[in-house]
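Student:
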Amino acid sequence: MDTIIFLILRRMRAPLLTLIVVYALAMAVLALIPAQDAAGRPTTTSLFHAFYFVSYMSTTIGFGELPNAFTDAQRLWVSVSVFFTVAVWIYAIGTLIALLQDSAFQRAILERRFRNRVRRMHAPFYLVCGYGQTGGALVRAFTDRHRHAVVVDIDPDRINLLQLDNHREYVPALCADARSPSTLEAAGLKHPMCQGVVALTNVNEANLKIAIAAKLLRPKVKVICRADSHEIEANMASFGTDHIYDPFDIFALYIAVAIQAPCLTLLLNWLSGAGDEALTEPLYPPNTGHWIICGYGRFGKAMYKYLKEQGLTIAVIEAAPHKTGIPAEGVVHGRGTEAVTLEQAEIERAVGLVAGTDHDADNLSIVMTALTLKPDLFVIARENHLDNQELFDRVGAHAIMHPSAIIANRIRVRLVNPLLADFSNLARFQEETWACELVSRIVALADERMPYVWEFGINAKQTPALCEAEDRGLSVTLDTLLRDPRERANRLPALPLLLVRNEVFILLPGPEERLGEGDRLLFCGREEARWRMDWLLRNIHALRYVATGQSQREGGVWRWIAAWKRSR
3 MDTIIFLILR RMRAPLLTLI VVYALAMAVL ALIPAQDAAG RPTTTSLFHA
53 FYFVSYMSTT IGFGELPNAF TDAQRLWVSV SVFFTVAVWI YAIGTLIALL
103 QDSAFQRAIL ERRFRNRVRR MHAPFYLVCG YGQTGGALVR AFTDRHRHAV
153 VVDIDPDRIN LLQLDNHREY VPALCADARS PSTLEAAGLK HPMCQGVVAL
203 TNVNEANLKI AIAAKLLRPK VKVICRADSH EIEANMASFG TDHIYDPFDI
253 FALYIAVAIQ APCLTLLLNW LSGAGDEALT EPLYPPNTGH WIICGYGRFG
303 KAMYKYLKEQ GLTIAVIEAA PHKTGIPAEG VVHGRGTEAV TLEQAEIERA
353 VGLVAGTDHD ADNLSIVMTA LTLKPDLFVI ARENHLDNQE LFDRVGAHAI
403 MHPSAIIANR IRVRLVNPLL ADFSNLARFQ EETWACELVS RIVALADERM
453 PYVWEFGINA KQTPALCEAE DRGLSVTLDT LLRDPRERAN RLPALPLLLV
503 RNEVFILLPG PEERLGEGDR LLFCGREEAR WRMDWLLRNI HALRYVATGQ
553 SQREGGVWRW IAAWKRSR
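Just so you know, the sequence shown maps onto residues 3 to 570 in this note's numbering.
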């Protein structure tokens, strides 16, 4: 039985039964009391007239005594009936108001509304479990690109916050435990438009259970999870989780790549950026010398591993080494916020420092103390809460690691622009000079803003004009798509990054590449170029114009005008 109907029947059962009994008693007694007609002769009141009279009696509308004037006995009974029917109505209405204010009933209504909205979704969407800092950043990235998401979070305050956020697309949200299979089903796991499940709660075990439930209930759905430990990561991978992201390993690898290839790091930063922001400066971490790591937790261990692989010497400062473990070089006991512990770690000869504890206040203090002792240090700071963003921007750190932002950005790239992930993997095998040249080309067309990145596949749905051109024998090359549909002599501010044809990846394809159905393309450039290119992909007349220079008028009105001119 439906939850709402069940609650109504359970809570309103006594008032409704009382109301029925009272009205039946009032009608029965009124019909049994002797009456008289207009001539004063004895008669009876039918049950129909008794029902009709009692029906409006409690409202005191005052239609009068029907069908004849009442006797004193009838009037006495009516007077008594008015009082107890009104009392019963007050009791019933009071119970109904209490039911409407009941938290269980309101939750049932919200769940029904949520289920209906999810059921009516006709566009592809992702089910996001957890609306914390990571989930919020990811949902905003989806909606900014006009993608859809459904959110489930166990914290009602986060759900209320989502309702207040100004997203470009409506985001259905439910306050419930995402670990429950019934919750996942209600949120659209089995919906044909559900493209994947993203588990982003701050509890590893919860993310693990969500991933297991999603794979069991719908084995072919894409599952993406956050994991903060290698044990949980291995467990998730064992049953086929598609993508697992550990923010600490991701950032540590990022620093290691930046040490060896700063231009490549800058290139990938720009391409994976949110867009419409100023271009960032390249990062140049020292590739030789002595580093200090403050905090040997999950982040500290990841940084230690990757920095050690670069051949750097490392000193570790840890307040609780008996809990975190001790590296081979030993550990300096302390938090790193005091000058004495930094001096014990030989800060005077250090070239870099990592403030990587679990507490933002400690990390800020570590950075400030270290820069006071040695101003030319290269500093990496861990930011645990986005609320402290302004403080970390001002503290003087060269690189800031925020776990939630890292995961949200990686998942956004994976889901919104999957070809960009393929491009990044291929770019890592290129020479540093190749990356520097590509950075220069992006600077020339991006107008000092982060490049806008987009992709599309050539098919009848996404690119109907291209498919129609192929049927008409019109040859379309990559150079054709890079022409302005308003003036074909002008070039669009866009750069082709990747062409995928028959599972073959072509980096930086040339303008002579002829395009055909089934090809997939990745571009970067200004956002305006994306919309003008979309015009070419969907309008055969604009495509013919940029390809041949001819602008034929094929509409019905133009054909009629042309025929009329020929007839004259």
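C-beta: ideal position from N, C-alpha, C; glycine also. In this text, all values refer to a predicted model and were calculated from it rather than measured experimentally.
Taking 8 angstroms as the cut-off, decide whether the C-beta atoms of L21 and A33 are in contact.
Tutor: Within the sequence shown, residue 21 is the residue found at index 19, counting from 1. Within the sequence shown, residue 33 is the residue found at index 31, counting from 1. Contact flag unset, no.
Student: In this structure, what does DSSP give as the bridge partners for P420?
Tutor: Start at 1 with the first residue of the sequence shown, and residue 420 comes out as number 418. DSSP, once it has assigned bridges, lists no residue as partnering P420.
Student: Using the C-alpha atoms, what's the distance from I226 back to V356?
Tutor: Against the sequence shown, residue 356 aligns to sequence position 354. Against the sequence shown, residue 226 aligns to sequence position 224. The straight-line gap from Cα to Cα measures roughly 29 angstroms.
Student: Starting from F127, trace the alpha helix (DSSP H) in both directions and tell me its first and last residue.
Tutor: The sequence position of residue 127 within the sequence shown is 125, counting from 1. Here F127 belongs to no alpha helix (DSSP H); instead the beta strand (DSSP E) covers 127-131.
Student: Throw me the rounded Cβ distance for the L285 and A401 pair, which I believe falls under 8 angstroms.
Tutor: The sequence position of residue 285 within the sequence shown is 283, counting from 1. The sequence position of residue 401 within the sequence shown is 399, counting from 1. About 6 angstroms; that satisfies the 8 angstroms criterion.
Student: Examine the Cβ distances between the segment 410-424 and the segment 140-155 and report whether three or more of them are shorter than 8 angstroms.
Tutor: A contact exists between the segment 410-424 and the segment 140-155.
Student: Assuming R546 contacts L476 (C-beta within less than 8 angstroms), just tell me the rounded distance between them.
Tutor: Reading the sequence shown from its first residue, position 544 is the one you call residue 546. Reading the sequence shown from its first residue, position 474 is the one you call residue 476. Confirmed, Cβ separation roughly 7 angstroms.
Student: Once DSSP output is grouped into helix, strand and coil, what is the label at P183?
Tutor: What you label residue 183 is simply residue 181 of the sequence shown in a count that begins at 1. Three-state DSSP puts P183 in a helix.
Student: Using DSSP with H/G/I as helix, E/B as strand and the rest coil, what is P287?
Tutor: Indexing the sequence shown from 1 puts residue 287 at position 285. Of the three classes helix, strand and coil, the one that applies to P287 here is coil, per DSSP.
Student: Name, in chain order, the residues that DSSP records as bridge partners for E457.
Tutor: Position 455 of the sequence shown, counting from 1, holds the residue named residue 457. According to DSSP, E457 bridges with L524.
Student: Please list, in chain order, all residues of the same chain as S240 whose beta carbon is under 7 angstroms from its beta carbon, the five residues on each side excluded.
Tutor: By one-based count along the sequence shown, residue 240 stands at place 238. Nothing listed; no residue qualifies.
Student: Where do the ends of the beta strand (DSSP E) carrying Q165 lie?
Tutor: Taking the sequence shown and counting its residues from 1, the one referred to as residue 165 is at position 163. No beta strand (DSSP E) holds Q165; the alpha helix (DSSP H) holding it covers 158-166.
Student: Output yes or no for whether 8 angstroms exceeds the beta carbon distance between I316 and K307.
Tutor: For the purposes of this step, residue 316 is taken as the residue at position 314 of the sequence shown. For the purposes of this step, residue 307 is taken as the residue at position 305 of the sequence shown. Contact flag unset, no.
Student: Give the DSSP-derived three-state secondary structure of R13 in the structure shown.
Tutor: Taking the sequence shown and counting its residues from 1, one reaches residue 13 at position 11. Residue state, collapsed to three classes: helix.
Student: Could you confirm whether any beta carbon from chain B is found closer than 8 angstroms to the beta carbon of V82?
Tutor: Of the protein chains in the structure, only one exists, and it is not chain B.
Student: Here's the rule: buried if 16 or more other CB atoms are within 10 angstroms of the residue's CB, otherwise exposed. What is A26?
Tutor: As a working note, residue 26 is residue 24 in the sequence shown. So A26 counts as exposed.
Student: Are the CB atoms of A151 and M195 within a distance shorter than 8 angstroms?
Tutor: In the sequence shown, counting from the first residue as 1, residue 195 sits at position 193. In the sequence shown, counting from the first residue as 1, residue 151 sits at position 149. No, these two residues do not count as a Cβ contact at 8 angstroms.
Student: What first and last residue would you give for the alpha helix (DSSP H) that runs through K224?
Tutor: Taking the sequence shown and counting its residues from 1, the one referred to as residue 224 is at position 222. From DSSP, K224 is part of no alpha helix (DSSP H) but of the beta strand (DSSP E) over 224-228.
Student: Residues in the same chain with beta-carbon distance under 8 angstroms from R15, minus the five sequence neighbours each way, listed in chain order, please.
Tutor: Counting from 1 along the sequence shown, the entry for residue 15 is found at position 13. Hits under 8 angstroms: none found.
Student: Quick one, which of N390, K325, W533 has its alpha-carbon nearest R485's?
Tutor: Position 483 of the sequence shown, counted from the start, is the residue given in the question as residue 485. R485 has its Cα closest to that of W533, out of N390, K325, W533.
Student: Roughly how many whole angstroms lie between the Cα atoms of L98 and T87?
Tutor: Taking the sequence shown and counting its residues from 1, one reaches residue 98 at position 96. Taking the sequence shown and counting its residues from 1, one reaches residue 87 at position 85. Spanning the two alpha carbons is a distance of roughly 16 angstroms.
Student: For N386, which option in I10, F301, I294, G42 has the closest C-alpha, if you only look at C-alpha atoms?
Tutor: For the purposes of this step, residue 386 is taken as the residue at position 384 of the sequence shown. Measuring from the Cα of N386, the nearest candidate turns out to be F301.
Student: So, are the CB atoms of L524 and L421 less than 8 angstroms apart?
Tutor: For the purposes of this step, residue 524 is taken as the residue at position 522 of the sequence shown. For the purposes of this step, residue 421 is taken as the residue at position 419 of the sequence shown. Cβ distance < 8 angstroms, so L524 and L421 count as in contact.
Student: Return the CA-CA distance between R149 and E457, expressed in angstroms with no decimal places.
Tutor: Stepping through the sequence shown from its first residue, residue 149 is reached at position 147. Stepping through the sequence shown from its first residue, residue 457 is reached at position 455. Their Cα atoms are separated by approximately 14 angstroms.
Student: Just to confirm my understanding: we take A437, look at its own chain, exclude 5 residues before and 5 after, and list those with CB closer than 6 angstroms. What are they?
Tutor: Translated into the one-based positions of the sequence shown, residue 437 becomes position 435. So the list reads C265, L266, L269, once near-sequence residues are dropped.
Student: Does V205 come out as helix, strand or coil in the three-state DSSP assignment?
Tutor: Mapped onto the sequence shown, residue 205 falls at position 203. In the structure shown, V205 sits in coil (DSSP, three-state: anything other than H, G, I, E or B).
Student: Take Q38 and list the residues in its own chain whose beta-carbon comes closer than 7 angstroms to its own, dropping the five residues that flank it on each side.
Tutor: For the purposes of this step, residue 38 is taken as the residue at position 36 of the sequence shown. Taken in chain order, the residues that qualify are P44, T45, N70, T73.
Student: Going by DSSP, name the residue or residues bridged to C196.
Tutor: Counting from 1 along the sequence shown, the entry for residue 196 is found at position 194. Paired residue(s): F127.
Student: Flag this pair as yes or no: are the beta carbons of E519 and N427 separated by less than 8 angstroms?
Tutor: Counting from one through the sequence shown, the residue named residue 519 turns up at place 517. Counting from one through the sequence shown, the residue named residue 427 turns up at place 425. No; because the gap between Cβ atoms is not below 8 angstroms, this pair is not in contact.
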